[in-house]
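*Asks:* Take a look at this one; I'll ask things after.
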Amino acid sequence: MIFVGGDDATNRLGAYLRARRELITPERAGIPAGANRRVKGLRREEVALLAGISPDYYLRLERGRDKNPSPQVLEALARVLELDDVEREYLLGLSTARPRARPRRRPPERVPARLHHLLAAIDVPAFIEGRSFDVLASNPLAVALSPRLRPGENRLRSLLLDPEERAFHQDWEASTAGFVAAFRKSVGDETDDARIVELVGELSLASERFRRLWARHDVSELEGGSITVNHPVVGTLRLNRDKLPVGEVILVLYYPDQGSESAEKLRILASLTTDSTV
1 MIFVGGDDAT NRLGAYLRAR RELITPERAG IPAGANRRVK GLRREEVALL AGISPDYYLR
61 LERGRDKNPS PQVLEALARV LELDDVEREY LLGLSTARPR ARPRRRPPER VPARLHHLLA
121 AIDVPAFIEG RSFDVLASNP LAVALSPRLR PGENRLRSLL LDPEERAFHQ DWEASTAGFV
181 AAFRKSVGDE TDDARIVELV GELSLASERF RRLWARHDVS ELEGGSITVN HPVVGTLRLN
241 RDKLPVGEVI LVLYYPDQGS ESAEKLRILA SLTTDSTV
């Protein structure tokens, strides 16, 4: 199984340019759309004109005949395609991406003993995740918040395939879009990682939502922020989210604003969790 999107695995620069080009409307680019327009987004020659390069050269970029354009060309394309800082950095990285190799499996991600001790001492939902959003360790309150946060689960798979996860997230559409974009950013040029190939292949077959989001080639960071969830016991919770790198893994914390209704609900959940383990 390979990354979805046709030549995505072998021509990632071209696939990314094409996907982003299709998201920019002529009106946004200041180009008259015309009555007989058939293409979605901008035409290749329009991107080339706006970026100040020849249409033939842009065609070579999209078709993978030139995979090492200059930084100046990529900066111009980033401007035309309205890329933000994260997307621009991703585009620049694609021009120097490694050739695709046979999938290899990395050594298993391990959680140091000190992080297990830390999780036990934290009084808010907390867990450790790997680069592919695998849950590697979690504290009891995280599992009480969501059973999909127990070790062995994959957050991306759960979000896209588990019906309970769809009900859990108040804005499931936004959550899936953010997670898939962050996953693509995390993957980078590691197309030879067997775990990633396996996960993308599984989700491509099982989830139409994933296929559509993956084909957009969105990239973003999934760091701090807030989340609103519908817990089956304590109801709606509004929580802050922080992701802290610790070595090669990530510590994720969910915590409410002090003195908020969600803080009280989380205390109730914590007491129910404690009672159930006594």
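Just so you know, we're using full-length UniProt numbering here: the sequence shown kicks off at 1 and counts up by one.
For each residue, glycine too, the CB sits at the ideal point set by N, CA and C.
Quantities reported herein were computed from a predicted structural model and do not represent experimental measurements.
Which class does residue 183 belong to by DSSP, given the choice of helix, strand or coil?
*Replies:* Three-state DSSP puts residue 183 in a helix.
*Asks:* Using the rule of at least 16 other Cβ atoms within 10 Å of the residue's Cβ for burial, across every protein chain shown, is residue 171 buried or exposed?
*Replies:* It is exposed - the Cβ of residue 171 has fewer than 16 other Cβ atoms within 10 Å.
*Asks:* Which whole runs of the alpha helix (DSSP H) in the region 107-132 are 4 residues long or more, in chain order?
*Replies:* Counting only runs of 4 or more, we get 113-121.
*Asks:* With a cut-off of 8 Å on the beta carbons, I'd call residue 215 and residue 19 a contact; round off their distance for me.
*Replies:* Sure, about 6 Å apart at Cβ, within 8 Å.
*Asks:* Please classify residue 132 as buried or exposed, where buried requires at least 16 neighbouring CB atoms within 10 angstroms.
*Replies:* Buried is the call here.
*Asks:* Give the straight-line distance between the Cα atoms of residue 227 and residue 169, rounded to the nearest whole angstrom.
*Replies:* Straight-line Cα distance between these residues: approximately 8 Å.
*Asks:* Under three-state DSSP, which class holds residue 250?
*Replies:* It is a strand residue.
*Asks:* Within this structure, are the beta carbons of residue 241 and residue 224 separated by less than 9 Å?
*Replies:* Against a cut-off of 9 Å, the Cβ pair of residue 224 and residue 241 comes out as a contact.
*Asks:* Taking just the CA atoms, how far does residue 78 sit from residue 278?
*Replies:* Low local confidence applies: a pLDDT of 42 at residue 278 is under 50, so the model's placement there is unreliable, with the coordinate-based value given in what follows. Distance between the alpha carbons of residue 278 and residue 78: 57 Å.
*Asks:* Thinking just about the alpha-carbon of each residue, which of 29, 180, 31, 42 is nearest to the one in residue 21?
*Replies:* The option with the nearest alpha carbon to residue 21 is 42.
*Asks:* Quick one: what's got a C-beta closer than 7 Å to residue 183's C-beta in the same chain, skipping five residues either side?
*Replies:* Contacts found: 133, 156.
*Asks:* Could you please give me the residues that DSSP links to residue 240 through a beta bridge?
*Replies:* Note: residue 240 sits in a beta bridge opposite 226, 255.
*Asks:* To which residues of the same chain is residue 115 closer than 8 Å at the C-beta, ignoring the five residues directly before and after it?
*Replies:* Same-chain partners within the cutoff: 128, 137, 246, 249, 251.
*Asks:* Figure out for me which residue from 45, 221, 87 has the closest Cα to the Cα of residue 26.
*Replies:* Of 45, 221, 87, the residue nearest in Cα terms is 45.
*Asks:* Going by beta-carbon coordinates alone, are residue 271 and residue 238 separated by less than 9 Å?
*Replies:* Result no, Cβ atoms of residue 271 and residue 238 do not sit closer than 9 Å.
*Asks:* Restricting to Cα atoms, I'd like to know which of 195, 210, 230 is closest to residue 109.
*Replies:* Minimum Cα distance to residue 109 is reached at 195.
*Asks:* Distance check for residue 80 and residue 29, CA to CA, integer angstroms please.
*Replies:* Those two C-alpha atoms are separated by around 8 Å.
*Asks:* My assumption, with CB atoms under 8 Å, is that residue 265 sits in contact with residue 221. Please give the rounded CB distance.
*Replies:* Actually they do not touch by this definition, with Cβ atoms about 28 Å apart.
*Asks:* Would residue 149 and residue 135 be called neighbours here (beta carbons separated by less than 9 Å)?
*Replies:* Taking 9 Å as the Cβ cut-off, residue 149 and residue 135 qualify as a contacting pair.
*Asks:* Taking Cβ positions, are residue 61 and residue 91 nearer each other than 9 Å?
*Replies:* No, the pair does not count as a contact, with Cβ atoms beyond the cut-off.
*Asks:* Alpha carbon to alpha carbon, what distance is there between residue 94 and residue 87?
*Replies:* C-alpha separation (whole angstroms): 11 Å.
*Asks:* In three-state DSSP terms, what is residue 178?
*Replies:* In this structure, residue 178 counts as helix in the three-state DSSP scheme.
*Asks:* For residue 140, which of 122, 205, 73, 36 has the nearest alpha-carbon?
*Replies:* Ranking 122, 205, 73, 36 by Cα distance to residue 140 puts 122 first.
*Asks:* Exposed or buried, residue 111, counting other C-beta atoms within 10 Å across all chains shown (16 or more means buried)?
*Replies:* Under this definition residue 111 is a buried residue.
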